[in-house]
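The structure appears below as structure tokens.
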Amino acid sequence: MSIGNDRNEEIRILKDGHPFFEMRHALKSFTKDKNWTSLLKASQNMMTIYPEVEFGWYSYALSLLMLSEYESAKISFKKAIYLNSDSIDSYFHLGVTNYHLGEYDKAIINYSKALIKGMNNHLVYYNLGNAHYKSRNTDDAINFYLECLSICPSFKDASNSLLEIYFDNADYFNSDESTISIINDKRLLDYLITQAQILSKKENNPSNSDLRKAIRLLNSAIYIDDRHSVAYYERSKVKALLGDIKGHSHDKAMAFQLDTFNREGDYFFAYSPSLIKKAAEPL
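Listed below in structure tokens is the structure:
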């Protein structure tokens, strides 16, 4: 049994209007308003009067965490857990503190304890993903990000983190079914095309290696959506730079067929195969 449980039991039988409840309400209000300086002072007052109650220590630690006093926050979160070993929020925020201190393995342990104790929201899975990613446990990170998205599909931070992992590993298309949430992310196509554009225009003199990378990115975009005219349009430009005139012509035709608006671009005028040939002839 945790040290503070007996005192907590005493508090449970206190009547409404007791000063303890006013103090606790104040701490919750400061936390809700993100008034960390006031929370720091109010929690210190509560700790002085009720030193064996976990909530005061937790609130004090939380204020220190938000004020970037990580070492002090870590000590106080541990004290809160010592007083109440079932303090889910203390385990979770101790994990956050560990993460800020670069203690990623310890962060994983404390996030996992919060999960075991009953925390089952998207944030705990997201934070576990972050800690595993920092610890170079890429597969675990991907799984936790996907679990996060299964609970909260609109959580952009998890989607962005997954995209970052895939692109860091040059894994532009992963056929595993577990990645379907990323493949279906509408932002992925834009990201692929944008990265290809950056590579193909690199310092106005991209290397063949850069251009081949751009082709792979655009291949992935077209694999995901084979009717994406802009992807064909951009790939035709890169193929022209690589001297692949046949491929350039094919992709240009596909881009025009899918969206006649592409005909208004002036790029293909400069890279039209007939003009390339004509430019090579003496005037």
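To convert, note that position 161 of the sequence shown is 587 in the numbering used here; the numbers rise steadily by one, no gaps.
Ideal placement from N, C-alpha and C gives every residue a C-beta, glycine not left out.
Classify R450 as buried or exposed, calling it buried when 16 or more other Cβ atoms lie within 10 Å of its own Cβ. Burial is judged here by how many other beta carbons sit within 10 angstroms of a residue's own beta carbon; R450 has at least 16 and is buried.
For E480, is the classification buried or exposed, using 16 other Cβ atoms within 10 angstroms of its Cβ as the cut-off for buried? Classification for E480: buried.
Within 10 angstroms of its Cβ, does P632 collect 16 or more other Cβ (buried), or is it exposed? P632 comes out buried.
Residue from A533, K539, I619 whose Cα sits closest to the Cα of N553: Ranking the options by Cα distance to N553, first place goes to A533.
Using three-state DSSP, classify M545 as helix, strand or coil. The answer is coil: DSSP assigns M545 none of H, G, I, E or B.
Are S646 and L618 touching if we call contact CB-CB under 8 Å? Taking 8 Å as the cut-off, the beta carbon of S646 is found closer than this to the beta carbon of L618.
Nearest-angstrom Cα separation, counted from S455 out to Y484: A direct Cα-Cα distance of roughly 14 Å separates Y484 from S455.
Tell me, please, whether the CB atom of L588 is closer than 8 Å to any CB atom in chain C? The displayed structure is made up of one protein chain only, and chain C is not part of it.
Please give me, in chain order, every unbroken run of the alpha helix (DSSP H) with length at least 4 that falls completely inside the segment 611 to 641. List check, alpha helix (DSSP H) in window: 612 to 626.
Looking at the structure shown, is V713 part of a helix, part of a strand, or coil, going by DSSP? The structure shown does not extend to residue 713, since the chain is modelled only from 427 to 709, so the question has no answer here.
Residue from A499, D531, E478, G669 with nearest C-alpha to R562: Looking only at A499, D531, E478, G669, the smallest Cα-Cα distance to R562 is reached by D531.
Which of the three DSSP states is assigned to E660 in this structure? Residue state, collapsed to three classes: helix.
Is F446 helix, strand or coil when you go by DSSP? Correct three-state label for F446: helix.
Going by DSSP, what residue range makes up the alpha helix (DSSP H) through H676? From DSSP, the alpha helix (DSSP H) with H676 extends over 671 to 684.
How about I577 and Y551: do their beta carbons lie closer than 8 Å? With respect to Y551, I577 sits close: the two C-beta atoms are nearer than 8 Å.
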